[in-house]
Amino acid sequence: MKGLSTAASTLLSISSLGCARGGRVVLRDLGFELGAGQLLMLRGHNGAGKSSLLRCLAGLLPWRAGSLQWCGDTLSPRDPAYQRQLVYMGHQAGMSDALTGLENLRFALDLMAVHWNEARVQAVLQVLSLSGVVTRPFGRLSQGQRRRLGLARVLLGERSLWLLDEPDNCLDVQGEQYLGDALDQHLSSGGMAVVASHRNLVLPAVRVKVLDLSLALAGASKNEREAVC
Ligand SMILES: Nc1ncnc2c1ncn2[C@@H]1O[C@H](COP(=O)(O)OP(=O)(O)OP(=O)(O)O)[C@@H](O)[C@H]1O
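Per numbering that gives the first Met the number 0, residue 0 is the first one in the sequence shown, and the count goes up by one each step.
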């Protein structure tokens, strides 16, 4: 598959990416480029490979083939120089049910080596309508509140590349609006995002590319899908 159109100043460039799971090819010869202020929207049916691609980009899933360039340097997806640029939000929150929302957030930001700025944290929690619930154990938050807390981690993480797997899951209309605004602000300030979603996010004034993974494997032979690794 050819790469999508070249950005004026490409920061992330993926070429010929291949990935297999459970002995089957899920991504094949995939490429794209992203520059400052650009968002790549991943589309595709259930099982098309959106989560797999995001996990590959986050360095959580091994690549069967392909290369990653960051700012012109070819790097391993697990290279700290690249890892320091990204934040990943998967289907699972990756938070402890026993700790409060606030404790989870502090722990997550510690792991990302982000300084705890109380005023900034409180401002983000307020915007996300979380101020009144973050002192509760994470396990007692609603699914939408958990998703919002995950979004708070992304917002506070100060990373240039956001990798978001169905971030709109469980969000109400207001939550979707927050998400759209957050993405808009992130991209307006030169950030980048790769986002998987089955829905149409409200994304005002941003440059969006679309990669439909339903089509990406269409050309793969049956042998290649089944006989790998
Ligand atoms: N842990 C796993 N082990 C083996 N195969 C897996 C695993 N996780 C996913 N797969 C397979 O990889 C393929 C791609 O799955 P993936 O989760 O990336 O799809 P998706 O596009 O994100 O789907 P959805 O829209 O349902 O979230 C599917 O065929 C799936 O069955």
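Cβ coordinates follow ideal geometry from the N, Cα and C atoms, glycine included.
Query: Do K49 and ligand 1 come close, with the Cβ less than 8 Å from some heavy atom?; Result: yes
Query: Under 9 Å between the Cβ atoms of G174 and R147?; Result: yes
Query: Taking the beta strand (DSSP E) that S66 belongs to, which residues open and close that run?; Result: A64 to W69
Query: By a C-beta neighbour count over all protein chains shown, 10 Å radius and 16 as the cutoff for buried, is H229 buried or exposed?; Result: With the chain represented from 0 up to 228, any question about residue 229 goes unanswered, as that position is not in the structure.
Query: Hey, would you say L170 sits closer than 9 Å to G143, going by beta carbons?; Result: yes
Query: What would DSSP say about P166, mapped onto helix, strand or coil?; Result: coil
Query: Taking only heavy atoms of ligand 1 into account, decide whether any of them is closer than 8 Å to the Cβ of N45.; Result: yes
Query: Taking S12 as the reference, which of R63, G21 and L56 has the closest Cα?; Result: L56
Query: Just confirm the distance between the C-beta atoms of Q176 and V201, as a whole number of angstroms; I'd bet it's less than 8 Å.; Result: 6 Å
Query: Quick one: what does DSSP say E32 is sitting in, helix, strand or coil?; Result: strand
Query: What three-state label does DSSP hand G22 in the structure shown?; Result: coil
Query: Taking the beta strand (DSSP E) that A192 falls in, what are its first and last residues?; Result: M191 to A195
Query: How big is the Cα-Cα spacing for Q125 and A112?; Result: 23 Å
Query: Put R145 into one of helix, strand or coil per three-state DSSP.; Result: helix
Query: Out of R198, R20 and A151, which one is the CA nearest neighbour of Y87?; Result: A151
Query: Going residue by residue through the segment 84-149, where are the continuous beta strand (DSSP E) segments of at least 3 residues, counting only ones entirely within it?; Result: 85-88
Query: Locate the beta strand (DSSP E) running through L210, then write down its first and last residues.; Result: R206 to D211
Query: Name the DSSP bridge partner or partners of D72?; Result: W69
Query: Where Q82 and E102 are concerned, what is the direct C-alpha to C-alpha distance, given to the nearest angstrom?; Result: 23 Å
Query: State the start and end residues of the unbroken beta strand (DSSP E) segment that holds L38.; Result: Q37 to R42
Query: Please name the residue in V24, A80 and D28 whose C-alpha comes closest to that of S159.; Result: A80
Query: To the nearest angstrom, how far is it from the Cα of Q68 to the Cα of L140?; Result: 39 Å
Query: Between the C-alpha atoms of S51 and T134, what's the straight-line distance to the nearest angstrom?; Result: 33 Å
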